[in-house]
Amino acid sequence: MVTAEDVRKVAKLADVGIDDSEIAEFTRQCSGVLEYFEILDTLDQNQQLYRERYNILREDEVTPSLSQEESLQNAGQTEKGFFKAPRVM
Amino acid sequence: MEDRETIIGLEIHCQLNTKSKMFCGCSTDFRDNEPNTHTCPVCLGLPGSMPMVNKRAIEFALKVGKALNCTIREESEFSRKNYFYPDLNKAYQITQYDKPLAEWGKLLIDGDNGEKEVKITRIHLEEDPGRSVHMGTTDRGKYTLVDYNRAGIPLIEIVTEPDLRSPKEARKFLNKLRATLEYLNVFDSEKEGSLRVDANISIKGSERVEVKNISSYKGVEKALTFEVTRQRNLLRRGQPIARETRHFVETRGITTSSRSKEEENDYRYFPEPDLLPLRVSSWVESIELPELPDARRERFIRQYGVSAEHAKTLTGGLKLAEFYESVAPADPALAATWTADYLLGELNYRDFTIDAMPEDLFRELIKLIKSNAITDKSAVEILRIILDEVKEGKGPEHPQAIVDRLGLAKSSEDLVMKMVEEVVAEQPAAVADYYAGKMQALNFLVGQVMKKCRGRADPGHLNTLLKELLDKKV
Amino acid sequence: MAKILSFTPDDSVHAFLTTIPEVTYGEGPLSGVTVAVKDNISTKGIETTCASKILKGYIPPYDAHVVALLKDAGAAIVGKTNMDEFGMGTTTENSAFGPTLNPLDKNRVPGGSSGGSAAAVASGLCDVAIGSDTGGSIRCPAAFCGIVGLKPTYGRVSRYGLIAYANSLEQIGPMARDVKTLSRLYSVIAGHDPRDATTVNKPYSHEPSANIEGLKIGIVEEFFGEGVNPRVAEVVKEALATLESLGAVVKSYTMPSMKYALSAYYVTCTSEASSNLARFDGVRYGPGLDSAKSWHDAYSEQRKEGFGKEVRRRIILGTFSLAAGYYGRYYQKAQTARQMVRDDFERIFRDVDVIAGPTMPDIAFRLGEKSDPLQMYLADILTVPANLAGVPAISVPCGKIDSMPVGLQIIGKYFDDEKIIDTAFAFEQEGV
């Protein structure tokens, strides 16, 4: 059972905006699904998923990069060849 | 309280000098380039792109693991560390979490109380994020510019146990580690930002503080010294030390509080599904390690007969050690003294690395000193002239040319005077006789100088020189 | 010599998000074959949105590996198809650009998430299509629209350029109106790609064979159990009888891990999705962020505006599954359950060549019929086991209920995609 507070906290951690008006709905739905997931907790082993293949590596060789124009072509905002983002400080 | 121990552990991030990035083929040689020109779908984090591990990065990390006496894990894997920051191209960093490449190593250092073993907790591989430039001044006017050229440069993170007991020991550990990495040829210490350090520091019995963002070797000792003083002052005043993360402000030499541990991110690590595990423990057997700093130091003492102190200094960096070995044939002892005691100081003063000094010129200088053609004072002058010319971007002159241009050659007078001084020092009995008024003693001394210069001086002139010197001494 | 064909479909079912009016194509095994590509597969110079507002206007500067292969084979890529946003859905109703309709009944959904691809093929707008299957997203719409769809063995087709929803589960695969055409398309897209570490060097160059004399088929009881429409079960059992009449031998098994499968699937896919979708921050692509705001405010606002509700719900569920205090209960245990599913398959496959059952528990839903997320998730119960194990699975039409198609799902051993294609081909040749 998760509370509205849990959902708010996780939504913040995921940085995915949820309106106050949506909290009740998300809480109800997530509760239902997480309750359904609870069956997993009845498993007592913590077995790792076995992966047969390993050491898939590439040689240290330089391949062509995109041009600055191509790199920036989908950016919302740019300045002097940089991507422009909001302040973080 | 004063005798409570200082406890320091380090986390060192070090860029590996592979040709291409950790997970894509973009070149790592980006430093003098326009932003976002060493970028591709992978290191821009474009939707649909996938990482592919650079084999050489694994080999380099294994070399470091072997050199630091680590155990290589049978199976290691990459994980995602999830957090949001504009310069983090995918909003997660591919790193290693609960299955790092190497664990349980050690490095011997010259500690505060003699030789000391510092334990290495783990070594893991990860990718560097991009670079953020913070712009604007007013609150609403502030913004961030992002360049992803650095994104995806391979890094190793080396984590130590909290085994260090003073900022000085931390510096010594870093110097030794840096030298080791250089000797392994996996790292270029001269590249800006190629080594970054986070430090955990506490006074025994109190909370631990993490200091982040130390990006220079010199900064580490400074940041830690500041932090020790700050923490001890708090304790002296009876105030608690907060468990927190602090940032080192290099320009001001202080640390400032950034966020408390409670607010620390939940990174939600999980195995990177696009990459498969590594099983490389058997590779280490075939890795041949080069001669490491300790071995080279021993060899310098053995092979060149240099002092233990000089040997330690001269093996403290790969290029320095190579420089010494290239100039040593001229005269191992003189070369050691002139490299360790004079050249390094002059380089430091100018913020130069050993590369600034052309080996052939230094070798020529040693030869001039050895042949007594110039005085020590002139040799230092020549050294400075060469380095200043390098600094001005001129092609430096040959020492002999400087000697000729400035007339620094020892005159024969210099040589004769030197021999006179030597004889006076060597014959205390005759000197005493002279002072006692026995004039034959003067003749004896003249004879000794004549013997030294194999008769190539005028005895009358020697007589005058000796008298002047001896009478001055009274 | 490049040739040009014009493509102006009468897309009354909203199968396409983007169409290419003048398509150039070249020589090769698929020369002139019209191919629709799901909109989560990167196409250089052609908008690729994942049916999400957050990628509106995004033009990839590179082609996905499969797209490059299709072009090399001479295929004519005619457009990008509608889907559930980022692949998150079973109906294609979760598209930010409106649902796709089922060509056989426009009041019903075409299935999802590759609903646009299935509808485009089923309505004859193009010859074949490429979809992606994370938990049934190729097989479900293939079953609902009455076409053939293959989820290849994990690693047999490169995912490079597929916009990731759940990397460890999904594969790109072919969709066609008949098995032979599907096989032709598959032979072009399968193979090793040095940019996708999870691909293996197992190219596909198989000619389907209808001879299944002596083929051993396993039936998993749980695939006919609770939640499965009895009429669907009936149609599938008749199909199995047909296969027996062709010389196959059928034997019954149980699969105890089935009770964990759906949870293991949803925990894994939402966890991976919560990480995969974090990169849509508006810095490198997508609508620009409001730089007057602080980073976290601008970012969470962008994601609220840009992602639909189901996407945000799954991001939150995945964040729960990975968060401190929940990881051990959800993500870690899901991996345990996943290994159990693999072990169950391995045990059954020691006895049999293929496993057969229904693709979906029911026929295509009516539009808007499933509104509760959990009810919707339950519809994936029969398709997710193949994704959890990484084994290949195909859906082939096997009959109708109320004039809506039912899919027969055939699941194979690792890298034995050939066998399930033969089985589907044999069934198809016998006719429905």
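Protein chains in written order, with the numbering used here: chain A, 834 to 922; chain B, -9 to 464; chain C, 733 to 1164. Beta carbons are placed, not taken as given, at the ideal position from N, Cα and C, and that holds for glycine.
- Inclusion of residue 266 (chain B) and residue 1068 (chain C) in the CB contact set at 9 angstroms is not warranted, their separation being larger than that value.
- Linking residue 808 (chain C) to residue 849 (chain C) through their CA atoms gives a straight-line distance of about 15 angstroms.
- Per DSSP, the unbroken beta strand (DSSP E) holding residue 133 (chain B) starts and ends at 133 to 137.
- Scanning chain C for C-beta atoms nearer than 7 angstroms to the C-beta of residue 869 (chain A) yields 995, 1106, reported in chain order.
- Annotation for residue 998 (chain C): the continuous alpha helix (DSSP H) segment containing it runs 990 to 1008.
- The continuous alpha helix (DSSP H) containing residue 1119 (chain C) extends over residues 1116 to 1121.
- DSSP places residue 82 (chain B) outside any alpha helix (DSSP H); the residue lies instead in the beta strand (DSSP E), whose first and last residues are 82 to 85.
- Here the alpha carbon of residue 1147 (chain C) sits roughly 26 angstroms from the alpha carbon of residue 66 (chain B).
- A Cβ-Cβ separation of about 21 angstroms leaves residue 164 (chain B) out of contact with residue 193 (chain B) under the 8 angstroms criterion.
- Interface with chain C (9 angstroms Cβ-Cβ cutoff): residue 855 (chain A) is included.
- Annotation: the stretch 854 to 940 of chain C contains the following complete segments of the beta strand (DSSP E) (minimum length 3 residues), in chain order: 860 to 865, 880 to 883, 903 to 908.
- Cβ-Cβ distances below 6 angstroms link residue 804 (chain C) to nothing in the same chain once the five nearest sequence neighbours on each side are left out.
- Secondary structure note for residue 1097 (chain C): it is in no beta strand (DSSP E), with a DSSP letter that is neither H nor E.
- Under DSSP, residue 757 (chain C) shares a beta bridge with C:735.
- In the three-state DSSP reduction, residue 1025 (chain C) falls in the coil class, being neither helix nor strand.
- In the same chain as residue 424 (chain B), and ignoring 5 residues on each side of it, the C-beta atoms closer than 8 angstroms to its own belong to 431, 432, 435, 460, in chain order.
- Contact check between the stretch 945 to 952 of chain C and the stretch 908 to 924 of chain C: fewer than three CB pairs, one atom from each, fall below 8 angstroms, which does not count as touching.
- Inside the stretch 781 to 862 of chain C, DSSP marks whole beta strand (DSSP E) runs of 3 or more residues at positions 808 to 813, from first to last along the chain.
- Residue 241 (chain B): not part of any beta strand (DSSP E); DSSP gives it neither H nor E.
- Taking the Cβ atoms as the reference, residue 24 (chain B) lies roughly 6 angstroms from residue 901 (chain A), within the contact range of under 8 angstroms.
- Residue-level contact check: residue 901 (chain A) touches chain B, since one or more beta carbons of chain B fall below 9 angstroms from its beta carbon.
- In the pairwise beta carbon analysis, the stretch 861 to 878 of chain C is classified as touching the stretch 889 to 904 of chain C: at least three pairs are separated by under 8 angstroms.
- In the DSSP annotation of this structure, the continuous segment of the alpha helix (DSSP H) that includes residue 419 (chain B) starts and ends at 418 to 425.
- Looking at the DSSP output, residue 950 (chain C) shares a beta bridge with C:983, C:1087.
- According to the DSSP assignment, residue 977 (chain C) belongs to the alpha helix (DSSP H) that extends over 962 to 977.
- For residue 119 (chain B), there are no C-beta contacts with chain A under 8 angstroms, since the nearest C-beta of that chain is about 12 angstroms from it.
- Counting only runs that start and end inside the stretch 40 to 92 of chain B, the alpha helix (DSSP H) elements of at least 4 residues fall at 45 to 57.
- Listed by position along chain A, the residues whose Cβ is nearer than 8 angstroms to that of residue 1028 (chain C) are 848.
- Non-local C-beta neighbours of residue 999 (chain C) in its own chain, meaning closer than 7 angstroms and more than five positions away in sequence, comprise 1053, 1062, 1063, 1066, ordered along the chain.
- Spatial neighbours of residue 737 (chain C) in its own chain (CB-CB distance under 6 angstroms, excluding positions within 5 residues in sequence) are listed in chain order as 755, 808.
- Beta-carbon to beta-carbon, residue 91 (chain B) and residue 51 (chain B) are separated by about 5 angstroms, close enough to satisfy the 8 angstroms threshold.
- For residue 45 (chain B), at least one C-beta of chain A is nearer than 9 angstroms to its own C-beta.
- Collapsing the DSSP output to three states places residue 227 (chain B) in coil.
- At a cut-off of 9 angstroms between beta carbons, residue 908 (chain A) contacts chain C.
- Residue 396 (chain B) counts as exposed, since fewer than 16 other beta carbons sit within 10 angstroms of its beta carbon.
- Only 1061, 1062, 1064, 1065, 1066, 1067, 1068, 1069, 1070, 1071 from the stretch 1058 to 1076 of chain C bring a Cβ to less than 7 angstroms from some Cβ of chain A.
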